[in-house]
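For the sequence shown, position 220 (counting from the first letter as 1) is numbered 220 according to the UniProt record's numbering, and the numbering increases by one without interruption.
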Amino acid sequence: MDNSSHVASELPLSPYYPLGVAVPGYVANDMTTLTILSYFAVGCGSILLAACFISRRVRPSLSTGELLTVMWFVLSGSIHLGMEGMSHIRSLPFPPPILTLHNHIGYVVYHSAAIGSMQTVLGQAWKEYSHSDSRYLTQDPFVITMEGITAVFWGPLCLVIAYCILADHPMRHPLQTIVSLGQIYGDVLYYLTCWFDHSVREIVYCRPENFYFWGYFILLNAFWIVIPFHLMTTSMRETSRAFDMLKVMVDGKKMA
1 MDNSSHVASE
11 LPLSPYYPLG
21 VAVPGYVAND
31 MTTLTILSYF
41 AVGCGSILLA
51 ACFISRRVRP
61 SLSTGELLTV
71 MWFVLSGSIH
81 LGMEGMSHIR
91 SLPFPPPILT
101 LHNHIGYVVY
111 HSAAIGSMQT
121 VLGQAWKEYS
131 HSDSRYLTQD
141 PFVITMEGIT
151 AVFWGPLCLV
161 IAYCILADHP
171 MRHPLQTIVS
181 LGQIYGDVLY
191 YLTCWFDHSV
201 REIVYCRPEN
211 FYFWGYFILL
221 NAFWIVIPFH
231 LMTTSMRETS
241 RAFDMLKVMV
251 DGKKMA
C-alpha cells in the first residue's frame, strides 16, 4: 500500500462522493438539514428585507424592477463575500494582510483546508451543500480559484452596482454587464468541469439522491445563470440605446 492510500485510510469516513473521498478532519454535522436550510432562508430573507427597506428610504421613486435588481445584487454580493469568500482564500497564495482582510468577509474560500471539521453554522451549511459537490471539501483547484475570484471581484462589485442603481450612476450598466457575464462564465465552468469529470473521468461528486442533484447542484446555482443573463441583456440594450441617442445628437449638431 502506498503512502497516499495509507493516509486516506486513516481519514474519518464521510458520506460524500466519490465513495472513500478524503475529507481531512471530517466531523459529521450535528444540525439537521431542515435547521441548516432554515438558517440559510432566514439569512437571505433578512438581507433582502434590509436591502428593500434601505432602497425605499434612499430612493422612494425606484421602480419595482429596479428595486428587485438592487435586492439581487445586495444578496448576491453578500453570498459571494460572506459564504463563498473566506473558505477558499486561505488556500490561495495571498500575503498575510489580504488573508486577514478576508478572514472577516468570506467563509468557504478562507476555510477550505479545514471546513470538513468545522461545526459553525456556515461550516455545517457547506458540508450540507457538499453532498451535491464534494469538491468544496477537498480543496479542488478549480473550485478554490473560481470561488476566490468570485469573492474578491464580483462580491464587492455587486454592492457597488447596488449603490450605482440607487444613485442613478452612469457606471451602473457597464459594471452590471461585466459582473453578470462573470457570474455566468463562472457558473457555466462550474457545471462543465463537473460534467467533464463525470463523463470522461467517471468521477461523481454528488450523492445519488435526486434532492442533492436537482435541489442543490442544479437549482441553487441556476439562479446565477438565469438572473445575470437577464440583467446582462438589459444592460446591453440600455447601452445600445444610449449610443444611439448620442449618435443622433452628434449628427444633429453636424447638420446645424
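We treat Cβ as the ideally placed atom computed from N, Cα and C, and that holds for glycine.
On a predicted model such as this, the values are computed, not experimentally measured, just so you know.
In angstroms with no decimal places, state the Cα-to-Cα distance between residue i and residue j.
i, j, result
"Y136", "T239", "38 Å"
"M31", "A41", "15 Å"
"D140", "I178", "26 Å"
"R207", "I225", "23 Å"
"P18", "P228", "31 Å"
"V121", "T33", "12 Å"
"Y216", "H169", "35 Å"
"S46", "L68", "15 Å"
"V250", "E66", "30 Å"
"W72", "L48", "8 Å"
"A151", "Y185", "14 Å"
"residue 291", "L246", "Only positions 1 to 256 of the chain appear in the structure, and residue 291 is not among them; the question remains open."
"G43", "Y212", "21 Å"
"Y16", "T64", "42 Å"
"K253", "S61", "34 Å"
"W195", "R57", "45 Å"
"D244", "F53", "35 Å"
Got a sec? Which residues, its chain only, sit under 7 Å from residue i by beta carbon, not counting five neighbours each side?
i, result
"V70", "A51, S55, A162, I165, L166"
"F142", "T193"
"D187", "N221, W224, I225"
"L203", "Looking at the sequence shown, residue 203 is not Leu but Ile. For I203, where only same-chain residues beyond five positions count, the Cβ hits under 7 Å are P18, D197."
Can you find the residues in the same chain that come closer than 6 Å, C-beta to C-beta, to residue i, ignoring five residues on each side of it along the sequence?
i, result
"R59", "L166"
"V27", "S117"
Pick from the options: whose alpha carbon is nearest that of residue i?
i, options, result
"G82", "G148, L34, P18, S199", "G148"
"V21", "S61, R57, H131", "H131"
"T35", "Q124, W214, S14", "Q124"
"V74", "G25, W214, R201, Q176", "Q176"
"residue 259", "D244, L181, A242, G252", "The structure shown does not extend to residue 259, since the chain is modelled only from 1 through 256, so no value can be given for it."
"I218", "V160, Y190, T138, M171", "Y190"
"T138", "V160, F153, I115", "I115"
Leaving out five residues before and five after residue i in sequence, what residues of the same chain have Cβ atoms less than 8 Å from its Cβ?
i, result
"H156", "It should be noted that the sequence gives Pro, not His, for residue 156. Hits under 8 Å: G77, L81."
"P174", "S235, T239"
"N29", "I36, Q119, Q124, K127, E128"
"V200", "none"
"W232", "This sequence places Met at residue 232; Trp is not what is there. Cβ neighbours of M232 beyond the five flanking positions: Q176, T177, S180, L181, I184."
*Just list the alpha helix (DSSP H) runs in the region 106 to 189, keeping only unbroken ones of 4 residues or longer that don't cross its boundaries, in chain order.*
121 to 129, 141 to 149, 155 to 167
*In the region 185 to 242, which residue ranges form an unbroken beta strand (DSSP E) of at least 3 residues, counting only runs that do not cross its ends?*
none
_Report the start-end ranges of each alpha helix (DSSP H) in the region 6 to 61 that is 4 residues or longer and not cut off at the edges._
33 to 58
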